[in-house]
Every structure is written in C-alpha cells, then in structure tokens.
Ligand SMILES: [Zn+2]
C-alpha cells in the first residue's frame, strides 16, 4: 500500500540530490566577506524565525568566521548618551542611546553590504541579533518605529535598512511595530559625508515630524537606526516624537563607536 505522506517521494529525492549537486558545484558565498558560506546550517533557528515572520526562507548565507564575530559590547557599555557632543540648551539632554555593537570587524562590512549591496536578508539577521540583545537587557516600550529614509533613497535602495532591523527586533520583543509614524520633512545629505558637527546639526535639524495619524500621547517609543555616529539623526527623530506627545523615547542603533556613558537606565 502506498503511504500518502510519501507520495512523490522519488521526485523530491531527485530534487534534493540535484540541489546538493548544485550546492557542491556552486557553493553559496558569505554575504559579508564573500568566502565559502560554511555556517548556513548553524543558524537554522534564525532561518525558521525568518520564515515564520515573512513566510519566505531567509536566503541568508554566511561563513563561520563572520557569524562568530558578532559579539556585542558588555551589557554595561550598551547604554549611552544619544549625543556624542552634548550641547547646553539641548531640550532632551538625557536622551538615551542603546547601542550593543561596535562598528568594527564584520559589522563594518555588514552594514555597507545591507545599504549599498542591497542585502535585505542580512538586515533581517542583524535585526534578530539586535532584538535578542534588547530582550536580554529587558528593554521594553509601547511602540517601535524606524528612522525613515527619504523617498529618493528608499526608491534607490528598495527598502529602509532601519525598518528591516526594527521589524524582527520588535517581533522578538513582542512590541508593536509601525512605519510612517515618523516622516521625513526634508531630504538630508548622508551624515557620514559631512565633516563638522555644525554641518551635521544643520543637515538633520527639523528633518522629521510625527504623523498626525498617530496618537503618541503618553507612549514610550523606541526609534531604531542602523548606525549612530554623532547621534544627531536619532536625537532629531526623538525630538519629533516628544513634540507629538511621547512620554519617553529610547534611541536604538545597531552599531557605532562611542565611549560616552549614560548613567540613566531606560
Ligand atoms: Zn564571512
């Protein structure tokens, strides 16, 4: 008698043989360093998580060396002042930045691979890492929002890397996630292309406003970006959320290089 669960078993055997042969002939490359992706089987949990979240396989290929280098800062070093150079009349002087990774090693290759290599699946993986670090540090809020991209850059890239980081992090933390809460009110230059602090402040000053479609009064909101350098962009985004009535804002960046510590826990 034919086992219905095995129907077509011969066909799937052939398919899996073909797949293995193709993998042998054309092995997948690590999406960060380009070497042989020999760690694909080691993050099966992430693959499953991604599939549950999006209904599609993660499509991520990574090598063991890159995978094992994603070590976060010590928990006490992840909490910082949002601005690297605080100024006197800052309306939110104690604004906190949660940033678990140094912008170094594979992260320094991974972030540009996401942004300029358009590796969206890698952003999802980094978002899962971010979410698990935040979960281990008991970070909570009412809402998670990404720093928005300008229309022009969104068109060019096809996705907002901050959103791709924030979505899986929100799912892990079981915090509602929403886009279009923060809106870009002006097109800015890339902060990394500007040299001085004054230039960077002027570039992002008034760059965001909160959408009137959302009632943020009394809410604790987390705003997520990929990288923080001076912190001006996140600071500006947080000010727009406070202006719209948020009671507390936590800025989160996946990575950056910073030493200024903030004593106030979120
Ligand atoms: Zn690699």
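Residue numbers (my numbering): 5 to 270.
C-beta atoms are modelled at their ideal positions from N, C-alpha and C, and glycine is treated no differently.
For this session: Check residue 150 in the structure and name its three-state DSSP category.
Result: In the structure shown, residue 150 sits in a strand (DSSP, three-state: E or B).
Exercise. Hey, would you say the C-beta of residue 115 is under 7 angstroms away from at least one heavy atom of ligand 1?
Worked result: Taking the Cβ of residue 115 as the reference point, every heavy atom of ligand 1 lies at 7 angstroms or farther away.
Exercise. From what residue to what residue does the beta strand (DSSP E) around residue 226 run?
Worked result: For residue 226, the enclosing beta strand (DSSP E) stretches over residues 224-231.
Exercise. What are the boundary residues of the beta strand (DSSP E) that includes residue 102?
Worked result: Taken as a continuous stretch (DSSP letters only), the beta strand (DSSP E) holding residue 102 covers 100-102.
Exercise. Sorted by chain position, which residues of the same chain lie with C-beta nearer than 8 angstroms to residue 162's C-beta, five sequence neighbours on each side aside?
Worked result: Closer than 8 angstroms at Cβ, skipping near neighbours: 122, 124.
Problem set entry | Local conformation of residue 158 per DSSP, three classes | Looking at residue 158 - three-state DSSP - the assignment turns out to be helix.
For this session: Say yes only if the C-beta of residue 123 is nearer than 7 angstroms to one or more non-hydrogen atoms of ligand 1, and no if none qualify.
Result: For ligand 1, not one heavy atom lies less than 7 angstroms from the Cβ of residue 123.
For this session: Specify the secondary structure class of residue 64 as computed by DSSP and reduced to three states.
Result: Reduced to three states, the DSSP call for residue 64 is coil.
Exercise. Comparing alpha-carbon positions, which option in 63, 21, 17, 16 lies nearest residue 34?
Worked result: Cα-wise, what sits closest to residue 34 is 63.
Problem set entry | Rounded distance between the beta-carbons of residue 179 and residue 148, thought under 8 angstroms | Rounded, the Cβ-Cβ distance is 5 angstroms, consistent with contact.
Exercise. Can you list the alpha helix (DSSP H) stretches of 4 or more residues lying completely in the segment 235-268, in chain order?
Worked result: Fully contained in the segment 235-268 are the following alpha helix (DSSP H) runs of length 4 or more, in chain order: 236-247.
Problem set entry | Backbone CA spacing between residue 113 and residue 126 [nearest angstrom] | Distance between the alpha carbons of residue 113 and residue 126 is about 11 angstroms.
Exercise. In whole angstroms, what is the alpha-carbon distance linking residue 171 and residue 89?
Worked result: So the two alpha carbons sit approximately 30 angstroms from each other.
Exercise. Which first and last residues belong to the beta strand (DSSP E) in which residue 114 is found?
Worked result: Run containing residue 114: none in the beta strand (DSSP E); it sits in the alpha helix (DSSP H), 109-119.
Exercise. Could you name the residues, in chain order, whose CB is less than 5 angstroms away from a heavy atom belonging to ligand 1?
Worked result: Listed along the chain, these residues meet the criterion: 34, 36, 37, 67, 70.
Exercise. If you run the structure through DSSP and keep just helix, strand and coil, what is residue 220?
Worked result: Of the three classes helix, strand and coil, the one that applies to residue 220 here is coil, per DSSP.
Exercise. CB-CB under 6 angstroms to residue 250, same chain, minus the five flanking residues each way: which ones, in chain order?
Worked result: For residue 250, where only same-chain residues beyond five positions count, the Cβ hits under 6 angstroms are 220, 223, 225.
For this session: Can you say whether residue 18 is buried or exposed, counting buried as having 16 or more other CB atoms within 10 angstroms of its CB?
Result: Residue 18 sits exposed, since fewer than 16 C-beta atoms from the chains shown fall within 10 Å of its C-beta.
Exercise. Can the beta-carbon of residue 151 be found less than 8 angstroms from the beta-carbon of residue 186?
Worked result: Yes, the Cβ-Cβ distance between residue 151 and residue 186 is below 8 angstroms.
Exercise. Excluding five sequence neighbours on each side, which residues of the same chain lie with their C-beta closer than 7 angstroms to the C-beta of residue 109?
Worked result: Excluding positions up to five away in sequence, the list reads 73.
Exercise. Considering only residues of the segment 161-218, which uninterrupted beta strand (DSSP E) runs meet the minimum length of 3 residues and lie entirely inside it, listed in chain order?
Worked result: The segment 161-218 contains these whole beta strand (DSSP E) runs: 186-188, 212-214.
Exercise. When you compare only the Cα positions, how much space is there between residue 77 and residue 38?
Worked result: Straight across, the Cα-Cα distance linking residue 77 with residue 38 is about 26 angstroms.
Exercise. With distances taken between CB atoms, is the gap from residue 191 to residue 156 smaller than 8 angstroms?
Worked result: It is a contact, given that the beta carbons lie within the stated cut-off.
For this session: Tell me residue 43's beta-bridge partners as DSSP assigns them.
Result: Assignment of beta-bridge partners to residue 43 by DSSP yields no partner.
For this session: Kindly indicate the opening and closing residues of the alpha helix (DSSP H) around residue 126.
Result: Where residue 126 is concerned, the enclosing alpha helix (DSSP H) starts and stops at 124-140.
For this session: Decide if residue 189 is buried, meaning its Cβ has at least 16 other Cβ atoms within 10 Å, or exposed.
Result: That one is exposed.
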